[in-house]
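Beneath this line is the structure, given in structure tokens, with notes to follow.
In the working numbering, the protein residues as written are 1 to 483.
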């Protein structure tokens, strides 16, 4: 295939780009959510990619987000974070776009790969360092990491970026309806012909950031103990281990890219003003096939609610307590969010308020599902921080949570919990672009739920009580951190 270079934008592309720039200041000035009609079309293209088309004719632009897993499931052992790194490096271009000579560039990148491995084995080897500098310069002469971004801009595309959302990587970009066929072709090219230019710079930057987070994460040892007791084979467990001073080989990186970006593991959301039927036709034509190998089957993580309580002690990590329950099947994630707010919200959580009356200065952080997995098949995690952390505090909290499930309060008592749940959603969807990213992430993590751009309605008190009763019917893991 003939390599693509950016020699100049056409008159038509320039006109579209001008329209895009003129529209940008008004992108967030859309009509209130309650007066919009935003129909959603969901479908799967022939290659297995899942799409949700959200049409809003009050907007001038189209926001396209692609969510992929970056939770460690595709990372080789000792190279945690590689899926995220490849996603970030992917905007450096493809073999078709950005390469003067793909065959020669491949050879130089392979030599650069070997030079990096030698340098990591012998950090003081001056010859290895000189070799890296020379090879890096030679690779830059054959492959330009800026060309793909320029081709995207000429489509036109505004602000193409990969956003790290913790467990998910989201490619986000903004364009116009007329450019969707061109953008679709470019995104397919990015997936199928990825060169991973700048891989090592991106990896080393991320590795340093991970080392810094590891050093400052006070909860890491407690969380690792919880996973060891309940989910020992979770990919999240490896991410809590000390980062190793290693660099991936290109073959490992390309394999990780192929597995994490396989169309069956992605979720696309297009949100804005466009013709849904015409766009679907284009997407089904473009995303018709893939050359990426099928990803290996994931190891099944069998989670069963505990019938007996498990306790563990982590010396040198306290005083603090971490507790975890296996979540029941979650049909509605917004009910789960309302439950956490009702029980543990910093200002109005009923359990937190009662616990603070007994234990001054107590703080509780609640996370669920933790770690994030498809359809919420994971854990409810509570981190308790107090100067007097003892195992009896955990027993008090369990009793209060179970009591909350049996109190049939009027609906008004759940008002603040619903407000907190809705506020969290509105914060995540603060702009059309943010909403598209949130919907893509949600579509990936909760594939069984329909995609909806609308603010979630308040959940009934009976729904909240029922889920609380299910969550705390089983026994917890209690990890006590001691000084």
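Where a beta carbon is used, it is the ideal one built from N, C-alpha and C, also for glycine.
Option nearest residue i by Cα separation, candidates the options
{"i": "residue 80", "options": "118, 49, 133, 214", "result": "214"}
{"i": "residue 177", "options": "64, 288, 375", "result": "64"}
{"i": "residue 477", "options": "225, 62, 103, 250", "result": "225"}
{"i": "residue 67", "options": "50, 212, 60", "result": "50"}
{"i": "residue 310", "options": "147, 322, 302, 301", "result": "322"}
{"i": "residue 359", "options": "447, 396, 341, 462", "result": "396"}
{"i": "residue 104", "options": "422, 130, 122, 142", "result": "142"}
{"i": "residue 343", "options": "113, 385, 398", "result": "398"}
{"i": "residue 96", "options": "60, 151, 109", "result": "151"}
{"i": "residue 283", "options": "165, 55, 47, 306", "result": "47"}
{"i": "residue 458", "options": "441, 425, 440", "result": "425"}
{"i": "residue 179", "options": "367, 278, 120, 119", "result": "278"}
{"i": "residue 122", "options": "246, 204, 340", "result": "246"}
{"i": "residue 385", "options": "206, 92, 319", "result": "319"}
{"i": "residue 153", "options": "200, 44, 91", "result": "91"}
{"i": "residue 434", "options": "78, 202, 165, 89", "result": "165"}
{"i": "residue 382", "options": "375, 326, 437, 198", "result": "326"}
{"i": "residue 208", "options": "85, 275, 286", "result": "85"}
{"i": "residue 183", "options": "167, 348, 160, 204", "result": "160"}
{"i": "residue 348", "options": "415, 302, 303", "result": "415"}
{"i": "residue 417", "options": "429, 41, 377, 461", "result": "461"}
For residue i, the three-state DSSP class (helix, strand or coil)
{"i": "residue 194", "result": "strand"}
{"i": "residue 262", "result": "coil"}
{"i": "residue 384", "result": "strand"}
{"i": "residue 467", "result": "helix"}
{"i": "residue 164", "result": "strand"}
{"i": "residue 291", "result": "coil"}
{"i": "residue 370", "result": "strand"}
{"i": "residue 303", "result": "coil"}
{"i": "residue 143", "result": "strand"}
{"i": "residue 175", "result": "strand"}
{"i": "residue 446", "result": "coil"}
{"i": "residue 342", "result": "helix"}
{"i": "residue 393", "result": "helix"}
{"i": "residue 79", "result": "coil"}
{"i": "residue 362", "result": "coil"}
{"i": "residue 348", "result": "coil"}
{"i": "residue 473", "result": "coil"}
{"i": "residue 285", "result": "helix"}
{"i": "residue 99", "result": "strand"}
{"i": "residue 459", "result": "coil"}
{"i": "residue 376", "result": "helix"}
{"i": "residue 270", "result": "strand"}
{"i": "residue 155", "result": "coil"}
{"i": "residue 169", "result": "strand"}
{"i": "residue 436", "result": "helix"}
Burial state of residue i, where buried means 16 or more other Cβ atoms lie within 10 Å
{"i": "residue 293", "result": "exposed"}
{"i": "residue 412", "result": "exposed"}
{"i": "residue 334", "result": "buried"}
{"i": "residue 453", "result": "buried"}
{"i": "residue 262", "result": "buried"}
{"i": "residue 162", "result": "buried"}
{"i": "residue 194", "result": "buried"}
{"i": "residue 480", "result": "buried"}
{"i": "residue 482", "result": "exposed"}
{"i": "residue 331", "result": "exposed"}
{"i": "residue 422", "result": "buried"}
{"i": "residue 101", "result": "exposed"}
{"i": "residue 120", "result": "exposed"}
{"i": "residue 243", "result": "buried"}
Distance between beta carbons of residue j and residue i, contact taken as under 8 Å
{"i": "residue 169", "j": "residue 70", "result": "4 Å"}
{"i": "residue 379", "j": "residue 369", "result": "7 Å"}
{"i": "residue 87", "j": "residue 74", "result": "Actually they do not touch by this definition, with Cβ atoms about 11 Å apart."}
{"i": "residue 404", "j": "residue 364", "result": "With 8 Å as the limit, residue 404 and residue 364 do not qualify as a contact, their Cβ atoms being about 13 Å apart."}
{"i": "residue 113", "j": "residue 250", "result": "5 Å"}
{"i": "residue 196", "j": "residue 253", "result": "6 Å"}
{"i": "residue 361", "j": "residue 387", "result": "6 Å"}
{"i": "residue 93", "j": "residue 148", "result": "4 Å"}
Continuous alpha helix (DSSP H) stretch holding residue i: start and end
{"i": "residue 118", "result": "102–121"}
{"i": "residue 223", "result": "220–230"}
{"i": "residue 209", "result": "199–216"}
{"i": "residue 322", "result": "Here residue 322 belongs to no alpha helix (DSSP H); instead the beta strand (DSSP E) covers 320–326."}
{"i": "residue 235", "result": "235–239"}
{"i": "residue 40", "result": "No alpha helix (DSSP H) holds residue 40; the beta strand (DSSP E) holding it covers 40–44."}
{"i": "residue 423", "result": "415–428"}
Endpoints, the beta strand (DSSP E) within which residue i is located
{"i": "residue 51", "result": "50–55"}
{"i": "residue 315", "result": "310–315"}
{"i": "residue 482", "result": "477–482"}
{"i": "residue 69", "result": "62–69"}
{"i": "residue 451", "result": "Where residue 451 is concerned, there is no enclosing beta strand (DSSP E), given that its DSSP letter is neither H nor E."}
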